[in-house]
Amino acid sequence: MKTFTLIILAFISISSLSCSKYLDLSPLDQVVDADYWNSADDIKYYANQFYTVFPSHAGYSLGIYALDNNSDNMVPGTYNQRLAGQNTENSSNGFSWSFSGIRSVNHGLAHSVGVPGNPDQVSKYRGELYFFRAFMYFTLVRGYGDVPWISKTLLTDSEELYMDRTTRTVVVDSILNDLDSAIAYLPLKANAETDRLNKESALLFKSRVALYEGTWQKYHAGTVFGTAGADYRHYLQAAAATAKELIDLPSASLFISADVNYLYRSMFGRLDLSDNPEVLLYKKYDESMGISHHMTNYIRSGANTGLSVSLIDDYLCIDGKPIAISDLYEGNETLSDIVANRDPRLTQTIWTPGDTVVLNSGIATIYKFPRLDVSGELRSVSGFDFKKGVAEDPSSVNRENPAILFRYAEALLNYVEAKAELGEITQSDVDISINELRRRINMPHLVIGDIVEDPNWLYPDKSPIINEIRRERRVELASEGFRFDDLARWAEMDILIGARPRGIKFHQENYPSLEVGVGVYVDENGYVDPYQNGLANGYQFNLDRDYLTPIPPNQLTLNRNYTQNPGWRQN
14 MKTFTLIILA
24 FISISSLSCS
34 KYLDLSPLDQ
44 VVDADYWNSA
54 DDIKYYANQF
64 YTVFPSHAGY
74 SLGIYALDNN
84 SDNMVPGTYN
94 QRLAGQNTEN
104 SSNGFSWSFS
114 GIRSVNHGLA
124 HSVGVPGNPD
134 QVSKYRGELY
144 FFRAFMYFTL
154 VRGYGDVPWI
164 SKTLLTDSEE
174 LYMDRTTRTV
184 VVDSILNDLD
194 SAIAYLPLKA
204 NAETDRLNKE
214 SALLFKSRVA
224 LYEGTWQKYH
234 AGTVFGTAGA
244 DYRHYLQAAA
254 ATAKELIDLP
264 SASLFISADV
274 NYLYRSMFGR
284 LDLSDNPEVL
294 LYKKYDESMG
304 ISHHMTNYIR
314 SGANTGLSVS
324 LIDDYLCIDG
334 KPIAISDLYE
344 GNETLSDIVA
354 NRDPRLTQTI
364 WTPGDTVVLN
374 SGIATIYKFP
384 RLDVSGELRS
394 VSGFDFKKGV
404 AEDPSSVNRE
414 NPAILFRYAE
424 ALLNYVEAKA
434 ELGEITQSDV
444 DISINELRRR
454 INMPHLVIGD
464 IVEDPNWLYP
474 DKSPIINEIR
484 RERRVELASE
494 GFRFDDLARW
504 AEMDILIGAR
514 PRGIKFHQEN
524 YPSLEVGVGV
534 YVDENGYVDP
544 YQNGLANGYQ
554 FNLDRDYLTP
564 IPPNQLTLNR
574 NYTQNPGWRQ
584 N
């Protein structure tokens, strides 16, 4: 079985071929290279090491479902320093590591040219290498903006070690070119080896990159973060066209559950996702081989985090109206009131009173209140406890729940957003995207000409359709790691400044052992206010600085041609 388990094990045996540090490079062993590159399988095993770049359920945590802890979607036990405006020059640590991986990919691409064997097999694994170079570079661009584009293996005396940063759009164009190669070479999911990259995943990722850059350049135009002369429409058109190419493939579609109230459990909680048409790629675990996690344990507890009331309030009522104007909204006094008559995805995302929760011991209990009154990893920080990744069989105490890496729903959201940002959106575009997502959960369709004004829209200066597309994206992809990137590329971080994330309404009778102001903090309106003491003035994201992270000082010392990112001190 060719699983990610084997990929990780294979990485151990092949890593000696590629491990090196950017700016501290040593030539690879030429004897090993001469002996190694003899078949398509050699490229395959070399590519295995790069599968570790994907997010995963690792160790003792919520795994990939904690990725939104850096955004206004979630309220971790310790506030995010970047949102608070407290990042420092020493807080960025992925720069040299990413270039080390890129060097290894470049080495593989150079040495895999002309490898004997079936040309389709050789091309397939080279397609994986192109994908991983694009993936690593996109991580760098999101974090640092302009970075040097290096497409060959560097040695200790290579002049490129001291090159200046490459213009951001040139880097992104090169990423998209790499993804075009990956798309051309990778097989469709149906023909791909189990747990290996496929054409559908590469198409989805290309649409993600293009949408990110298109909206970044649109909304950061004229600022220190934009690129002079950038054509944002070029990227948005690529995002729409690529997403549509994936939509038109018969091999990818939304997963439909017989019971809409168990849609997420049937998708995120099922151990085997190989026959799920929505899941394009996922990471498997095998406890018998020592590859497992404790993510499901944390979903059964507060996990020392929680969702924010800001996210919760974005879910529509079942009449398709926002809570501010729907007659069906029953208020926010209790969790039961909050979830009544709401989009079914809400009760599938958070635990609610009456839910059966099977503890790690295997004992079934009925969920009554969030555990605000405990400490450590069992603590509920906001009172809105994460549930989305719970196992399909809640009685199972397993450590093998898969981590979904790419799912088709994102393609629908990428497509409709790109069309709207281009000013070209039609009702047909909405029908094949957002309304497909709503149809499978029995929610009213979105009609462009019939959008009611929400007085609580987060982006009141944007059009109604943009606001509703962004709402749908936030709700559907909640806690999957997209929210910070979305706010950053939209240049919307100002909505957080001065704000503190809130949780549920606090009722003292439910927590007789808690003292307000000691064990729990509550604001003047009765909402749980976890950061009231430590972040009194709310988030202070620096709009002139924090959209990018600083180049690590040691890199500026090693390469004097580098310039620091805006707002950060140049050494």
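Residue numbers are given in our numbering: position 70 of the sequence shown equals residue 83, and the series is strictly consecutive.
Every residue, glycine too, gets a C-beta built ideally from N, C-alpha and C.
Treat the numbers as computed from the prediction; the structure is a model and nothing was measured.
Quiz item: How far does the beta strand (DSSP E) with T369 in it reach, from first residue to last?
Solution: Per DSSP, T369 belongs to the beta strand (DSSP E) from T369 to V371.
Exercise. Compute the Euclidean distance between the alpha carbons of K401 and F281, then round it to the nearest angstrom.
Key: Each residue's Cα considered, the two are about 7 Å apart.
Self-check item: Own chain residues within Cβ distance below 7 Å of K34, not counting five before or after
Solution: Here K34 scores only 34 on pLDDT, less than 50, and its place in the model should not be relied on; the value that follows carries that caveat. So the qualifying residues of the chain are S109 and S113.
Quiz item: Which residues bound the beta strand (DSSP E) around A416?
Solution: Per DSSP, A416 belongs to the beta strand (DSSP E) from A416 to R420.
Quiz item: Should M473 go down as buried or exposed, given a rule of 16 or more other Cβ atoms within 10 Å for buried?
Solution: The residue you asked about is not Met; residue 473 is Pro in the sequence shown. Note on P473: under 16 other CB atoms within 10 angstroms of its CB, so exposed under the neighbour-count rule.
Quiz item: If we ignore side chains and look at the alpha-carbon of each, how far apart do R246 and R483 end up?
Solution: A direct Cα-Cα distance of roughly 19 Å separates R246 from R483.
Self-check item: Helix, strand or coil at Y298 [DSSP, three-state]
Solution: Three-state DSSP puts Y298 in coil, outside helix and strand.
Self-check item: Y157 beta carbon less than 8 Å from that of N578
Solution: With respect to Y157, N578 sits close: the two C-beta atoms are nearer than 8 Å.
Quiz item: Within 10 angstroms of its Cβ, does M456 collect 16 or more other Cβ (buried), or is it exposed?
Solution: Classification for M456: buried.
Quiz prompt | Candidates L450, S136 and A431, of which the one nearest I269 by Cα | solution = Closest option to I269, Cα to Cα, is L450.
Quiz item: Does the region 177-191 come within contact of the region 389-398, defined as at least 3 CB pairs closer than 8 Å?
Solution: The region 177-191 makes no contact with the region 389-398; the number of CB pairs closer than 8 Å stays below 3.
Quiz item: What residue does the beta strand (DSSP E) around Y152 start on, and which one ends it?
Solution: Sequence inspection shows Thr at residue 152; the Tyr mentioned does not correspond to that position. For T152, there is no enclosing beta strand (DSSP E); the residue is part of the alpha helix (DSSP H) that begins and ends at P132 to Y157.
Quiz item: Does the distance from the CB of L471 to the CB of I510 come in under 8 Å?
Solution: 8 Å or more divides the Cβ of L471 from the Cβ of I510.
Quiz prompt | Cβ pair D542, R513 closer than 8 Å | solution = The Cβ atoms of D542 and R513 lie closer than 8 Å to each other.
Quiz item: Ordered along the chain, which non-local residues of its own chain (more than five positions away) have a Cβ less than 6 Å from that of N93?
Solution: Answer for N93: N83, listed in chain order.
Exercise. Starting from T378, follow the alpha helix (DSSP H) in both directions and report where the run begins and ends.
Key: Counting along the chain, T378 falls outside any alpha helix (DSSP H), though it belongs to the beta strand (DSSP E) covering A377 to I379.
Exercise. Could you name the residues of the same chain whose beta carbon sits closer than 6 Å to that of V292, not counting the 5 residues immediately before and after it, in chain order?
Key: Closer than 6 Å at Cβ, skipping near neighbours: L286, I417 and R420.
Quiz item: Contact check, A424 vs I260 under 8 Å by CB: the rounded distance?
Solution: Contact check for A424 and I260: beta-carbon distance about 6 Å, within the 8 Å limit, so the pair qualifies.
Quiz item: What separation, rounded to the nearest whole angstrom, lies between the Cα atoms of G319 and H120?
Solution: For G319 and H120, the distance between alpha carbons rounds to 43 Å.
Practice problem: Let me know the secondary structure DSSP gives K518 once reduced to three states. | Solution: Note: K518 maps to strand in three-state DSSP.
Quiz item: What did DSSP end up calling T439 once you bin it into helix, strand or coil?
Solution: Annotated three-state conformation of T439 is coil, per DSSP.
Quiz item: DSSP state of T65, grouped into three classes?
Solution: DSSP places T65 in helix when its eight states are reduced to three.
Self-check item: For L569 and W581, the rounded distance between their alpha carbons
Solution: Approximately 12 Å, taken between the alpha carbons.
Quiz item: What are the boundary residues of the alpha helix (DSSP H) that includes T228?
Solution: Its alpha helix (DSSP H) spans residues K212 to Y232.
Self-check item: Beta-carbon proximity check, R487 vs L324, cutoff 8 Å
Solution: Yes, they are a contact pair.
Quiz item: S301: buried (16+ other C-beta within 10 angstroms of its C-beta) or exposed?
Solution: Exposed, by the Cβ-count rule.
Quiz item: Just curious, the alpha helix (DSSP H) that H247 is in, first and last residue?
Solution: First-last of the alpha helix (DSSP H) with H247: Y245 to I260.
Self-check item: Contact set for L561: own chain, Cβ-Cβ below 8 Å, skip 5 residues either direction
Solution: For L561, same chain residues with a beta-carbon under 8 Å away, outside a window of 5 residues either side, are G156, Y157, G158, F238, N578 and P579 in chain order.
Quiz item: How many Å lie between H70 and S305 at the Cα?
Solution: Roughly 8 Å separates the two Cα atoms.
Quiz item: Less than 8 Å separating the beta-carbons of I196 and R139?
Solution: No. Outside cutoff.
Quiz item: Which same chain residues, not among the five before or five after Y49, have their C-beta less than 6 Å away from its C-beta?
Solution: Its chain contains D55 as the residues whose beta carbon lies nearer than 6 Å to that of Y49, once the 5 sequence neighbours on both sides are disregarded; these appear in chain order.
Quiz prompt | Option in L527, S446, D244 and I445 with minimal Cα separation from V387 | solution = The shortest CA-to-CA distance from V387 to any of L527, S446, D244 and I445 is the one to L527.
Quiz prompt | Backbone secondary structure at T570 - three-state DSSP | solution = T570 falls in the helix class under three-state DSSP.
Exercise. Look at the Cβ atom of V118, then the Cβ atom of F151, and state whether they are nearer than 8 Å.
Key: The Cβ atoms of V118 and F151 do not sit closer than 8 Å to each other.
Quiz item: When we look at the beta-carbon of T360 and count the other beta-carbons within 10 Å, is it buried (16 or more) or exposed?
Solution: T360 comes out buried.
Self-check item: Coarse secondary structure for I478, derived from DSSP in three states
Solution: It is helical.
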